[in-house]
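Chains A and B are the protein sequences, given in the same order. With my numbering applied, the first sequence closes on residue 886, and no number is skipped along the way. With my numbering applied, the second sequence closes on residue 500, and no number is skipped along the way. First the structure, in the form of structure tokens, and then the observations on it.
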Amino acid sequence: MKSPPRWIVRWLEKRLDHRLFDEIYGDLLEDFHRNSTKSHLKANWLFVLSASGYVRYQGLHKISSTPNSNAMSLWQNTFVSSIRNLKRNKLHTGISLLGLIIGFAAATAIFQYTLFERSYDSFHRNADRKYRLTHTFENATSITENATTYLAVKEAIAEVPEIRTSTHFLNIDASIRVDDNIFTNQDMIATNSDFFDVFDFNILSGQIDDLNKPNFVAISETTATTFFGSSQDIIGKQVEIQNLFGLSLNVSIGAIYQDIPENSHLRADFIFPLSQLLTIARNGNFFGNIQYSDLVWRWFGYPTYIEIGEGDSKDLVEQKINSIISRFREPYNAALNQKHSVWLQPIKAIHITPGVQSELKPNNDVAILQLFAAIGFFILLLAWTNHINISTARAMTRAKEVGVRKVLGSDKRQLQLQFLMESLLLNTGGFALAIGLLFILGPYIEGVVAIPFFGNLYQNYGLMTSLFAMVVVGSILSGLYPAISLSNFSLQDTLRGKLKHSRRGTTLRRILVIVQFSCTIFLVSALFTVQHQMSFMLSADLGANIDRTLLITGHSSAASSSTYRSRMSAFQNELKLLPGIEELSISSIVPGIRNGFRVSTEARNGEEAGLFVHRSSIDEEYFDFYDIELIAGRSFHSGQDIDGTTLIVNKKTTEELGFESPELALQQPVIFAGIEHKIIGVVEDFYQLGVQQAVEPISFTLDTAYAGNYISLRTSASNTSAIEQQVQSLFEHFFPDSPFTGRVMENVFMDQYNGEEQFRDLFSMFSIVALAIAILGLVGLSSYIVSQRMKEVSVRKVLGAHDLQLFVLLNREYLVLSAISFVIAIPAATILSSQWLDNYANHITLGPLHFVVPLIIVITSVFLTTLGYTIKLIRVNPATVLKQE
Amino acid sequence: MKGTNLGELEELILLSVANLAEQAYGLAIRDFIKERCARSVSISTVHATIHRLEDKGYLTSRYDNSSAAERGGRPKLIFNISSAGREAIRVARDQRNNLWNTIPSLSFNIALT
């Protein structure tokens with residue numbers, strides 16, 4: 002059984018009347034054990050809080066336990082003189098305090114952010130025993146991982162005894178009509194009620210078992226409010242689902258569940274019964290002549306989750322699952338010449354592992370979180386360094402105070418207490434103000450990182466306790482050096498004023514300045530690299546022209562119906578007549594959208610094959626529209642290529658297929674799904690997604706029927722909003738039931754970089770904070786140096802030193818320190834920056850610029866910060882300074 | 388007579404002890420007040436008050452060792468209300484009832500709107 006902290010128990014025992022102690026401690030202990038079933042840390046915290054409450058009640062104290070008046074007055078006196086000392090030196094107290102406030106606030110925000118990111122999916126019961134089946138595909142040329150697996154897997158693995166619960170789901174796409182409103186942007190999935198056995202999302206009303214029956218759906222609380230204006234009394238209400246596999250149907254609300262928390266990797270606003278979806282899929286003619294028993298082992302796209310029993314071996318379960326899957330999949334794998342396997346990915350690890358394909362949310366990388374945590378510690382270190390620097394510098398001028406105290410009989414311990422008390426007061430005050438500051442700034446920071454995490458900051462007992470412990474330890478450490486060195490001064494020296502101008506503590510100060518400069522140079526250099534890479538990616542040549550392009554989304558699921566097709570071509574003809582539109586192209590995919598249609602080429606005559614190639618359907622104008630250069634062969638002609646067996650591929654495909662030049666690939670066959678295609682043209686490589694992704698093999702077929710997914714429009718003016726409205730009214734005229742989605746192509750592309758932009762924003766924010774703290778410290782330090790070197794400079798002036806000579810002399814130290822810091826920081830910055838850049842398929846190369854620029858920035862800011870003080874020193878009138886003695 | 392009147396918290400605690408009949412010790416009293424009066428009182432306040440009431444003679448106490456296991460071997464101090472205590476809460480109730488009964492009904496109507 003756990004027990005409360007010993008120190009507080011001893012403290013309590015010492016103070017409380019011994020007849021009452023047993024009773025009170027017994028009560029507290031009982032309460033503690035009750036609380037600790039939930040959280041040990043919280044129980045500890047509450048115990049300390051309750052126990053400290055007894056200080057108020059003298060009636061419960063030992064008769065002799067009232068503190069002895071001498072000891073009390075020592076504490077009081079120390080406290081009062083600490084406050085006075087801090088007040089007397091407003092500038093330096095202010096600088097130290099400001100540095101500490103900024104430092105604590107930034108560090109708290111960073112730690113809170115990293116903890117939030119690490120808390121993903123840990124709120125489920127037995128989260129440690131829940132896993133996702135993550136799939137690995139392997140063929141001759143590549144290995145890919147995917148978050149989803151086959152439809153049949155969940156049922157097939159039910160025979161494994163260790164699996165307690167399991168679920169799977171499918172992402173679906175449809176629009177919902179509620180009365181006269183149509184909603185399109187819901188995250189929809191199809192699953193069974195076992196989804197709620199594996200994941201702990203509470204059912205607020207209704208029966209979740211209804212989800213296993215047809216025509217019942219479950220929706221989240223927010224969705225309910227979006228649809229009906231309230232989440233009360235809506236069980237049984239009807240909504241219409243439109244365009245679900247081309248069908249429309251009426252369903253009733255069967256259950257409402259609590260919104261899925263932000264710190265879950267899952268997303269679902271609207272849940273449709275999976276069993277019904279499968280019936281629809283079987284009855285509709287979507288899968289040709291494939292037998293259902295065949296289909297379930299070929300239909301991919303089901304994220305599958307399991308929970309294993311307590312004490313069961315994860316590796317064993319993994320083995321069993323793999324042997325089942327390979328048994329069923331064997332015939333298909335042989336035909337595709339691929340291997341695959343499944344590994345169990347703990348659900349708690351999903352969010353902080355670099356994402357695999359088909360993730361539901363962008364993932365974070367644990368390495369980046371560690372980097373941020375490291376920056377958090379850097380910032381704390383900088384703030385404390387400031388504090389130490391300023392207090393040691395100030396200590397010299399306080400030598401006389403120490404002397405007088407010694408004469409009046411104060412011993413070393415009392416003097417040390419005095420300095421420690423000041424440090425403690427500054428730190429705890431800074432911490433309290435920092436928390437207040439975060440409270441005010443919280444909403445703004447949440448805006449930058451787009452995560453609502455500050456709500457639970459103040460309930461996060463673990464973080465608060467450890468931060469406060471850090472503050473206390475930090476304040477003692479940062480107060481220790483001045484405390485020890487000052488209390489060791491000899492009485493005679495202090496009183497004769499010898500120490501006032503001595504250079505004791507300079508070495509320590511120099512080391513600390515080097516620490517500060519190194520951190521700063523490192524951060525600025527890394528920031529420069531990040532910014533450079535970002536602007537490189539944003540301005541890179543994509544190989545495709547996306548200027549002035551408006552993108553309209555059609556409805557692929559209805560594309561095969563003939564009425565839709567004829568309406569579509571009428572719509573296109575009308576569009577071409579609009580005055581603001583220069584060009585038009587239709588296609589199944591466009592640059593900026595992930596191409597999910599990816600098939601394997603098949604072996605012919607036993608040759609090596611099995612290359613995954615993206616497929617897309619386009620019209621004749623596509624390459625002209627996007628300025629994609631044809632480097633061999635010819636483009637499509639609607640007269641010649643109508644049977645869909647002619648293929649244009651990108652250069653990457655020809656390279657992967659082993660052709661030495663694009664010309665050699667012309668007229669060569671490629672087999673997809675048993676049908677032979679012929680390569681008639683090769684286009685230059687372009688970036689389907691951003692330049693952070695390597696170019697992948699991609700192929701094009703001329704097929705305007707299935708190309709109805711996207712309509713790209715080139716507008717004559719760069720401002721597309723006026724034209725967009727005309728297009729929208731035209732669209733609504735032709736397709737009154739379908740929602741209109743029009744987007745500017747550049748924005749579609751920018752969405753690729755959301756993760757990077759967030760990283761850059763956070764990183765810049767933190768680096769600027771670090772730089773600000775460093776500059777603050779420098780201000781404090783130089784103002785002391787002015788007062789210390791007054792006499793030296795005066796003597797030099799009397800002896801005939803020029804202003805310029807003095808200027809060089811005064812700045813030399815900082816220059817040397819900067820140079821040393823540069824040597825320390827740059828190797829670290831180089832290693833980490835190039836590691837980061839390796840994440841990108843296309844990246845900048847690190848050059849001298851990345852190191853020289855930060856150095857110049859740091860030296861310039863040092864120079865500008867100290868300039869005022871330097872000039873003040875040079876302008877000093879020797880007569881006034883020297884006549885004092 | 389001056390000095391026998393109860394403070395508000397004292398009254399609350401005496402009533403709780405009377406309610407809890409033979410089960411009243413510090414923690415139980417705190418939880419009872421929290422549950423029934425929706426008011427959270429710190430454990431140290433409860434202890435200070437019950438001992439003050441004991442000193443005044445409104446409560447009597449005895450040790451109970453029956454459930455010492457989860458209390459690290461420490462006994463519970465069970466409180467019971469003494470006849471003086473019973474008298475004190477009765478007086479308090481009478482004083483209040485007396486005042487409530489004479490509120491003119493008009494002021495009620497105004498207070499309720």
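Glycine included, C-beta positions come from ideal geometry on N, C-alpha and C.
By the Cβ-count criterion, LEU248(A) is exposed, with fewer than 16 other Cβ atoms from all chains shown falling within 10 Å of its own Cβ. The alpha-carbon of GLN320(A) is positioned some 9 Å away from that of TRP344(A). Rounded to whole angstroms, the separation of the alpha carbons of SER314(A) and ARG165(A) is 13 Å. In the structure shown, TRP46(A) falls within a helical segment according to DSSP collapsed to helix, strand and coil. With fewer than 16 other beta carbons inside 10 angstroms of its own, THR881(A) counts as exposed. Contact of ARG458(B) with chain A by beta-carbon distance below 7 Å involves GLY27, LEU30 and GLU31. Relative to HIS615(A), the option among THR702(A), PRO355(A), MET535(A) and ASN843(A) whose CA is nearest is THR702(A).
When the five nearest sequence neighbours on each side are left out, the beta carbons in the same chain lying within less than 6 Å of the beta carbon of ALA108(A) are those of GLY377, ILE380 and LEU381, in order along the chain. Within 8 Å of the CB of TYR412(B), the CB atoms of chain A belong to GLU24 and ASP28, in sequence order along the chain. Within the stretch 458-480 of chain B, the residues whose Cβ lies closer than 7 Å to some Cβ of chain A are ARG458, GLY459, ARG461, PRO462, LYS463 and LEU464, listed in chain order. In the displayed model, LYS349(A) falls within a helix according to three-state DSSP. At a cut-off of 8 Å between C-beta atoms, HIS19(A) does not count as an interface residue with respect to chain B. Under the DSSP assignment, ASP451(B) falls in the beta strand (DSSP E) whose first and last residues are 446-451. Here ARG461(B) is buried, its C-beta having at least 16 other C-beta atoms within 10 Å. GLY544(A) counts as buried, since no fewer than 16 other beta carbons sit within 10 angstroms of its beta carbon.
When secondary structure is reduced to three states using DSSP, TRP837(A) falls in the helix class. The way I'd put it, the stretch 46-60 of chain A does touch the stretch 4-21 of chain A; three or more beta-carbon pairs between them come closer than 8 Å.
Under the DSSP assignment, SER713(A) falls in the beta strand (DSSP E) whose first and last residues are 711-716. Residue-level contact check: LEU42(A) does not touch chain B, since none of the beta carbons of chain B fall below 8 Å from its beta carbon. Shown here, VAL297(A) sits in coil according to DSSP, grouped into three states, outside any helix or strand.
Using a CB distance cut-off of 8 Å, GLY475(A) does not count as an interface residue toward chain B. Not one beta carbon of chain B lies nearer than 8 Å to the beta carbon of HIS62(A).
In the DSSP assignment, SER221(A) is bridged to TYR258(A). If you check the CB distance, GLY480(A) and SER411(A) do not come in under 8 Å. Nearest C-alpha to GLN259(A) among LYS798(A), TYR58(A) and GLN233(A): GLN233(A). Neighbours of SER51(A) across chain B, judged by C-beta separation under 8 Å: SER429, ILE430 and SER431. In this structure, the alpha-carbon of PRO849(A) lies about 17 Å from that of GLN836(A). Using a Cβ distance threshold of 8 Å, LEU576(A) and LEU714(A) count as a contacting pair.
Taking each of PRO879(A), GLN415(A) and CYS520(A) in turn and checking the Cα distance to LEU800(A), the smallest one comes out for PRO879(A).
Between the C-alpha atoms of ARG414(A) and ASP366(A) there is a straight-line separation of about 49 Å. The distance from the Cβ of ASN213(A) to that of SER194(A) is about 5 Å, consistent with a contact at the 8 Å cut-off. When rounded, the separation of the alpha-carbon atoms in TYR711(A) and ASP625(A) is 16 Å. Interface annotation, ARG439(B): in contact with chain A, CB-CB separation under 8 Å.
Counted as a single uninterrupted DSSP element, the stretch harbouring LEU648(A) is not any alpha helix (DSSP H) but the beta strand (DSSP E) occupying residues 647-651. DSSP links GLN729(A) through a beta bridge to no other residue. At a cut-off of 8 Å between beta carbons, TYR55(A) contacts chain B.
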